[in-house]
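**Student:**
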Amino acid sequence: MNAKPTEVCLTVDTEFSIGGNFDNPELPPVAEPMVLGKIDGKEHGLGCLLGLLSEFGVRATFFVEALQTAYFGDELMGTIARRIADAGHDVQLHLHPCWPHYEAAPTQAPREAPNDSCAGRSDAELDHFFEFGLSVFSRWGLPRPVAVRSGNFQVDINFYRAAARSGICVSRWQLIAPPMKRSPDRAADTELGSCRNFRCSLTPMPSVPISDPDRWRSRRALAPKSFRSYGKLIIMEFRR
Numbered sequence: 007m008n009a010k011p012t013e014v015c016l017t018v019d020t021e022f023s024i025g026g027n028f029d030n031p032e033l034p035p036v037a038e039p040m041v042l043g044k045i046d047g048k049e050h051g052l053g054c055l056l057g058l059l060s061e062f063g064v065r066a067t068f069f070v071e072a073l074q075t076a077y078f079g080d081e082l083m084g085t086i087a088r089r090i091a092d093a094g095h096d097v098q099l100h101l102h103p104c105w106p107h108y109e110a111a112p113t114q115a116p117r118e119a120p121n122d123s124c125a126g127r128s129d130a131e132l133d134h135f136f137e138f139g140l141s142v143f144s145r146w147g148l149p150r151p152v153a154v155r156s157g158n159f160q161v162d163i164n165f166y167r168a169a170a171r172s173g174i175c176v177s178r179w180q181l182i183a184p185p186m187k188r189s190p191d192r193a194a195d196t197e198l199g200s201c202r203n204f205r206c207s208l209t210p211m212p213s214v215p216i217s218d219p220d221r222w223r224s225r226r227a228l229a230p231k232s233f234r235s236y237g238k239l240i241i242m243e244f245r246r
């Protein structure tokens, strides 16, 4: 019997670094070097990865962090995001909520490190993060994201509600996330089902790339066969 080919989803978190600025104001956040990995004029980061994907004819989904524009402005990551899209890859939303600290104080390091978790946030905070990130994608001239990955893979039920309110219907972090925070009475966990148009599960759906709804819309959930993580490159393998 001929086995059907295994579907593999490659996702890449594309983000800049605080660079120790929260601990030492003399250390500025780091932008392109974190993504490009350039040494002696050759890119060992993004350029190398895009080259390999092109060589083997593979499309990937890049979760591009948008809240860092509070510090760096639009163009540094915007240039990278458009480069990824121009190479034929899927660009989706990544949110690290420590960055909005710089909205109020763009040149000032905080007295203590801001919270970088999307869990335990108010509705107003979460709505702001999504509105901020989606507006950045619009200014970058990229299609509106349909998928989101939270920074550090930390979420709670309110994150899903906020994503649904923002029109984002797919979350792709579950395989390597810590257990989802539960409400005190656990009853609210069932409210995931009330977030209409939001597709999420502790068993991820196959999609290559993630934004292609036909890859998962008509399929039942798959059991993860295995996954491997190489730094920010996550390779997930599924079995029907």
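Last residue of the sequence shown: 246 in the numbering used here, with the numbers rising by one and none dropped. C-beta: ideal position from N, C-alpha, C; glycine also. These figures come from a predicted structure and were not determined experimentally.
Quick check on the burial criterion: 16 or more other C-beta atoms within 10 angstroms. Buried or exposed for A110?
**Tutor:** Per the 10 Å Cβ criterion, exposed.
**Student:** So what's T12 in DSSP terms, helix, strand or just coil?
**Tutor:** Coil at T12, not helix or strand.
**Student:** Give the list of continuous beta strand (DSSP E) stretches no shorter than 3 residues that lie fully inside the segment 91-154.
**Tutor:** Fully enclosed beta strand (DSSP E) runs of 3 or longer: 96-101.
**Student:** Three Cβ pairs or more, each shorter than 8 Å: is that satisfied between the segment 58-67 and the segment 119-128?
**Tutor:** Counting Cβ pairs under 8 Å, fewer than three are found: no touch.
**Student:** In terms of alpha-carbon separation, which member of P35, V154, I163, I45 lies closest to F22?
**Tutor:** It is P35 whose Cα lies nearest to the Cα of F22.
**Student:** Give the secondary structure of I45 by DSSP, where H, G and I count as helix, E and B as strand, and everything else as coil.
**Tutor:** In this structure, I45 counts as strand in the three-state DSSP scheme.
**Student:** Looking only at its chain, what residues have a beta carbon closer than 6 Å to the beta carbon of M40, apart from the 5 residues adjacent to it on each side?
**Tutor:** Answer for M40: F22, S23, listed in chain order.
**Student:** Is E32 buried or exposed, if buried means 16 or more other CB atoms sit within 10 Å of its CB?
**Tutor:** Label assigned to E32: exposed.
**Student:** Look up S172 in the DSSP assignment and say whether it is helix, strand or coil.
**Tutor:** Of the three classes helix, strand and coil, the one that applies to S172 here is coil, per DSSP.
**Student:** Just to confirm my understanding: we take G84, look at its own chain, exclude 5 residues before and 5 after, and list those with CB closer than 6 Å. What are they?
**Tutor:** For G84, where only same-chain residues beyond five positions count, the Cβ hits under 6 Å are W146.
**Student:** Excluding sequence positions up to five away, which residues of its chain have a Cβ less than 6 Å from the Cβ of H50?
**Tutor:** Excluding sequence neighbours, H50 sits near G43.
**Student:** Could you check which residue in A153, D46, F138, P120 has the C-alpha nearest to that of D29?
**Tutor:** Answer by Cα proximity: P120.
**Student:** Do you know how far the Cα of N8 is from the Cα of Q98?
**Tutor:** Rounded to whole angstroms, Q98 to N8 spans 34 Å at the Cα level.
**Student:** Considering only the beta carbon of each residue, do V154 and L101 sit closer than 8 Å?
**Tutor:** In this structure, L101 lies closer than 8 Å to V154 by Cβ.
**Student:** Among all the DSSP beta bridges, which residues are the ones paired with S6?
**Tutor:** Within the shown structure, residues of the chain are numbered from 7 to 246, placing residue 6 beyond reach of any answer.
**Student:** Pick from A93, E13, I163, V142: whose alpha carbon is nearest that of P81?
**Tutor:** Note on identity: in this sequence residue 81 is Glu, with Pro being the wrong assignment. Among A93, E13, I163, V142, the Cα nearest to that of E81 is on V142.
**Student:** My output table needs one value for F68: the three-state DSSP class, helix, strand or coil.
**Tutor:** F68: strand per DSSP, three-state reduction.
**Student:** So D133 and A168 are supposed to be a Cβ contact under 8 Å. How far apart are they, rounded?
**Tutor:** Confirmed, about 6 Å.
**Student:** Would you mind reading off the limits of the alpha helix (DSSP H) that contains F78?
**Tutor:** Note, F78: alpha helix (DSSP H), 75-78.
**Student:** Where do the N-terminal and C-terminal ends of the alpha helix (DSSP H) with E61 fall, by residue?
**Tutor:** Here the alpha helix (DSSP H) through E61 covers 52-61.
**Student:** Taking the alpha-carbon positions, what's the L148 to V70 distance?
**Tutor:** Those two C-alpha atoms are separated by around 11 Å.
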